[in-house]
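These protein sequences, in sequence, are chains G and L. Just so you know, the first sequence maps onto residues -12 to 102 in this note's numbering. Just so you know, the second sequence maps onto residues 2 to 115 in this note's numbering. Just so it is clear, CB atoms sit at the ideal spot from N, CA and C, and this is done for glycine as well. Structure, as structure tokens:
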Amino acid sequence: AQSVAQPEDQVNVAEGNPLTVKCTYSVSGNPYLFWYVQYPNRGLQFLLKYITGDNLVKGSYGFEAEFNKSQTSFHLKKPSALVSDSALYFCAVSPQDTGRRALTFGSGTRLQVQP
Amino acid sequence: GAVVSQHPSRVICKSGTSVKIECRSLDFQATTMFWYRQFPKQSLMLMATSNEGSKATYEQGVEKDKFLINHASLTLSTLTVTSAHPEDSSFYICSAWRSGNEQFFGPGTRLTVL
């Protein structure tokens, strides 16, 4: 079975500083990896995904993530945080090889960007 | 991008009543949809996989007789919470699978059972 770990419940960063939200995963075979953002009482908004190819994936709103197979990690990054980036972030995984398309989500990390 | 809608966005009902939540893919056909549940300050947990024209596949621990899923067309799946109780209060989110390894999520339905 696949699993996702987001070790930090909350990440605090000052506006303009770089941010990192950590994610590690466990899956049989090759993974599909995703990052989503959720604002209060809203559904999930897609940020980016890794399927294959370049390990550095660029997504929406200036976010990017780096796939590291040896460390089984897919950390979310942004060079310069905005106050409006404050939200709940979820990392998710699904295995490529089984045909199971449902996503397994991490526990979420709340990002708080201070002005 | 593809759009998935949910209706209603918010529902309050009395204990013992049934509530139906609709999930629609607005601009693409979805043979597979998923239903997730999210409790406050927790992650999304997969409840079931909804397959067009066949029975839904439920995750372990999810009562299929309580959470009825119907996927009657390529653009609509419904989740009916039967005989709802306060512990069923949650945020229910659907997603629709589109080819190309894309899942698109609905905006969610907040269910409150009094």
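Taking 8 angstroms as the cut-off, decide whether the C-beta atoms of residue i and residue j are in contact.
i	j	result
F77 (chain G)	L31 (chain G)	yes
S81 (chain G)	L75 (chain G)	no
K65 (chain L)	Y59 (chain L)	yes
S26 (chain L)	T83 (chain L)	no
F29 (chain L)	T50 (chain L)	no
L63 (chain G)	S47 (chain G)	no
P41 (chain L)	T110 (chain L)	no
V5 (chain L)	A97 (chain L)	yes
L45 (chain L)	F61 (chain G)	no
Can you say whether residue i is buried or exposed, counting buried as having 16 or more other CB atoms within 10 angstroms of its CB?
i	result
A1 (chain G)	exposed
A(-12) (chain G)	exposed
V44 (chain G)	buried
H72 (chain L)	buried
G54 (chain L)	exposed
K15 (chain L)	exposed
Y26 (chain G)	exposed
Q101 (chain G)	exposed
So which residues on chain C does residue i lean against when the C-beta distance must stay under 7 angstroms?
i	result
F92 (chain G)	Annotation note: the requested chain C is absent from the structure, which comprises protein chains G and L.
Using CA atoms only, rank isn't needed, just tell me which of the options is closest to residue i.
i	options	result
A31 (chain L)	L:V12, L:L75, L:N71	L:L75
G16 (chain G)	G:T39, G:L6, G:N4	G:T39
S67 (chain G)	G:F92, G:R29, G:E53, G:T7	G:T7
L69 (chain L)	L:G17, L:I22, L:Q7	L:I22
Y37 (chain L)	L:G17, L:H86, L:L80	L:L80
L115 (chain L)	L:P87, L:S44, L:M46, L:C95	L:P87
L106 (chain G)	G:D(-4), G:S(-10), G:E53, G:C10	With chain G represented from -12 up to 102, any question about residue 106 (chain G) goes unanswered, as that position is not in the structure.
Given the structure, does residue i come close to the ligand FMN, in the sense that its CB is under 7 angstroms from one of the ligand's heavy atoms?
i	result
P(-6) (chain G)	The ligand FMN is absent from the structure shown, which contains no ligand whatsoever.
Residues of the region 65 to 82 of chain G in Cβ contact with chain L at a cutoff of 7 angstroms, in chain order, please.
Those would be F77, in chain order.
Where the region 16 to 45 of chain L meets chain G: residues whose CB sits under 9 angstroms from a CB there:
Those would be T33, F35, Y37, Q39, K42, Q43, S44, L45, in chain order.
Would you list, in chain order, the members of the region 23 to 38 of chain G that have their beta-carbon closer than 9 angstroms to a beta-carbon of chain L?
Y23, Q25, N28, R29, G30, L31, Q32, F33, K36, I38
Which residues, in chain order, does the region 90 to 107 of chain L contribute to contact with chain G at a C-beta distance below 7 angstroms?
From the region 90 to 107 of chain L, only I94, W98, N102, Q104, F106, G107 have a Cβ closer than 7 angstroms to chain G.
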